[in-house]
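This report refers to the structure that appears directly beneath it.
Numbering (our numbering), first residue to last: 20 to 592.
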């Protein structure tokens, strides 16, 4: 019964999101174009010009997206070139954000510290990137669902093939937190893809890597990071600990939602059992030190967090679906902007939203974080793009003429593509119905791809077979054929942590929503039977009701059974 209740609640949530997400996307205004001082085309060189430029971006974004406070840092040539806080850490108290003092929650950017810790142990010969990770586990074992074992390489590149973990990732109170080992054993996700084939972003995989660090080093993960990264980088305002240590608690920014013109404060977000994947609290200037160390191949001042060769290895590509789209380095994401390769990572809690981008070619690093729900991916992605467009503008690209025979070939590409990061074995798999990209043909021989969750649409033109370039942009999309010559996948530049899988017609959202609607209507119609029986009893009718009602009952009963089968299918694997 509890699962059935959860099912109906989930359906309500899905209906609400499907109705609200596109509207929310359409209502978001674009940040104003900022034209301050003419910049150097070789990156920021004048702090006054940079400050004026950033002031314009931040003011526009914070007003448009209802963001209470933000913090950022720019590093260049081995130093913190600029750092500043914007807005408030506490709106009610008008407590300003201070870049060197105010703590934000960078979410999954925490993983970069976990991956750095992993590479430290690789450097010491204590972790083999290509060994079965079961040899490092002490309290539990990963099942051999597939012939190929999961390795640290798979964890680093989000290719272990785990289904997603959603339930119990957050806790309301510190006393509700469970240990890393307990959570990993109790909430172990199913292996639903063979390792090393497709990316599927995995918080569980990153937490598993942190657990391995803990077991090999024989010290708690939080202690390991403090001793081997934070102390070496003089990151005095950073911690993975929950609740926050007393000396940092007063510096923590409040996280906000925005409702009916009011910033509503929320309690501290506890990341439950997955600390290495996202529990860090830090400042912009502390993150700046970490970026400097990576830009200098592991060196910060007189200290090193990695040897030069190890750092260079960590920054190199380790996996990609196709060489023509961005891939994954050893924990970092590759993201290409204006022909510049960045090694980056985003981070989102429910309230805080952040982005870190390092441009090795320009010896440049950017970090930005927002303390409000409105600062999610479209906002911080826009910030990075606006910055790089300003200082490193893209070369102009010639318009692409679509191939003349494209309309004859486009039908094989059209359809729905489900993203790989979904739950597959519990009622939460219904969320997969929202995680679908739609590919359509346009009248002018282009593709229109609509991303899930109201993230907008773009047009794409074919530049070579199965390879498409964004109309008016530089992003790339690549489709893959399977062994039978049928389209099986789609891969996007700047989204190296997910893949799209082409869905059969009976797995598409349209089919399932229609089936669910029919089954629910007919199921609810059976509620009339008790009322009919009661009416007969009260009226003491002696007349038999002929023919048709019997047929209706048979049909309704059959459809109700269909509804039950639908439910069973949703709860089964």
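In this text, a Cβ means the ideal position worked out from N, Cα and C, and glycines have one as well. Only a predicted model underlies this, so the values are computations on that prediction, with no experimental measurement involved.
Checklist entry - Pairing CB atoms from the region 381-392 with CB atoms from the region 297-310, are three or more of them under 8 Å? => result The region 297-310 and the region 381-392 touch, with three or more beta-carbon pairs separated by less than 8 Å.
Checklist entry - In the region 193-262, which residue ranges form an unbroken beta strand (DSSP E) of at least 3 residues, counting only runs that do not cross its ends? => result none
Item to check | Inter-residue Cα distance where the pair is residue 63 and residue 410 | outcome: Looking at the two C-alpha atoms, the distance is approximately 7 Å.
Item to check | Under the three-state DSSP convention, the category residue 159 falls into | outcome: coil
Checklist entry - To which residues does DSSP link residue 276 through a beta bridge? => result For residue 276, which the question treats as bridged, DSSP gives the partners 283.
Checklist entry - Between residue 120 and the rest of its own chain, which residues show a CB-CB distance below 7 Å, the 5 nearest in sequence each way excluded? => result Answer for residue 120: 256, 270 and 302, listed in chain order.
Checklist entry - How many Å lie between residue 245 and residue 258 at the Cα? => result 7 Å
Checklist entry - Looking at the structure shown, is residue 428 part of a helix, part of a strand, or coil, going by DSSP? => result helix
Checklist entry - Does the count of Cβ pairs from the region 328-342 and the region 69-85 closer than 8 Å reach three? => result No, because fewer than three Cβ pairs between the region 328-342 and the region 69-85 fall closer than 8 Å, the two stretches do not touch.
Item to check | Cα-Cα separation between residue 305 and residue 97, rounded to whole angstroms | outcome: 14 Å
Next on the checklist: Quick check: what's the CA-CA separation for residue 470 versus residue 158?
Outcome noted: 40 Å
Next on the checklist: In whole angstroms, give me the CA-to-CA distance for residue 367 and residue 232.
Outcome noted: Pairing residue 367 with residue 232, the inter-Cα distance amounts to about 23 Å.
Checklist entry - What number of angstroms, rounded off, separates the C-alpha of residue 462 from the C-alpha of residue 380? => result 40 Å
Item to check | Boundaries of the beta strand (DSSP E) in which residue 487 is found, first to last residue | outcome: 486-489
Checklist entry - Do you know offhand how far residue 110's Cα is from residue 276's? => result Approximately 12 Å between the Cα atoms of the pair.
Next on the checklist: Restricting to runs no shorter than 3 residues, where is the beta strand (DSSP E) found entirely within the region 314-361?
Outcome noted: Taking only runs of at least 3 residues, the beta strand (DSSP E) segments lying wholly in the region 314-361 are 352-356.
Item to check | CB of residue 399 within 8 Å of CB of residue 373, strictly | outcome: yes
Checklist entry - Taking the alpha-carbon positions, what's the residue 225 to residue 108 distance? => result 29 Å
Checklist entry - Nearest-angstrom Cα distance between residue 166 and residue 415? => result Distance between the alpha carbons of residue 166 and residue 415: 48 Å.
Next on the checklist: Can you give me the C-alpha to C-alpha distance between residue 218 and residue 352, rounded to a whole angstrom?
Outcome noted: 12 Å
Item to check | Through-space distance from residue 496 to residue 510, alpha-carbon basis | outcome: Each residue's Cα considered, the two are about 6 Å apart.
Item to check | Where the beta strand (DSSP E) containing residue 437 begins and where it ends | outcome: 434-438
Checklist entry - Going by C-alpha distance, which of 241, 539, 78 and 94 is nearest residue 262? => result 241
Checklist entry - Between the Cα of residue 426 and the Cα atoms of 459, 412 and 473, which residue gives the shortest distance? => result Residue 426 has its Cα closest to that of 459, out of 459, 412 and 473.
Item to check | Straight-line gap, residue 294 to residue 418 (C-alpha atoms, nearest Å) | outcome: Each residue's Cα considered, the two are about 47 Å apart.
Item to check | Where the alpha helix (DSSP H) through residue 377 begins and ends | outcome: Premise fails: residue 377 lies in the beta strand (DSSP E), 372-378, not in any alpha helix (DSSP H).
Item to check | Coarse secondary structure for residue 528, derived from DSSP in three states | outcome: Note: residue 528 maps to helix in three-state DSSP.
Item to check | 8 Å contact criterion, which residue 102 and residue 89 should meet: CB distance rounded | outcome: That belief does not hold up - the Cβ atoms of residue 102 and residue 89 are roughly 12 Å apart, past 8 Å.
Checklist entry - Between residue 208 and residue 442, what straight-line distance do the alpha-carbon atoms span, to the nearest angstrom? => result Cα to Cα, residue 208 sits roughly 9 Å from residue 442.
Checklist entry - Quick one: any contact between the region 136-151 and the region 170-189, if contact means 3 or more CB pairs under 8 Å? => result The answer is yes - the region 170-189 touches the region 136-151, with three or more Cβ pairs under 8 Å.
Item to check | The alpha helix (DSSP H) enclosing residue 404, as first and last residue numbers | outcome: 396-410
Item to check | Short Cβ contact (8 Å threshold) for residue 540 with residue 177 | outcome: no
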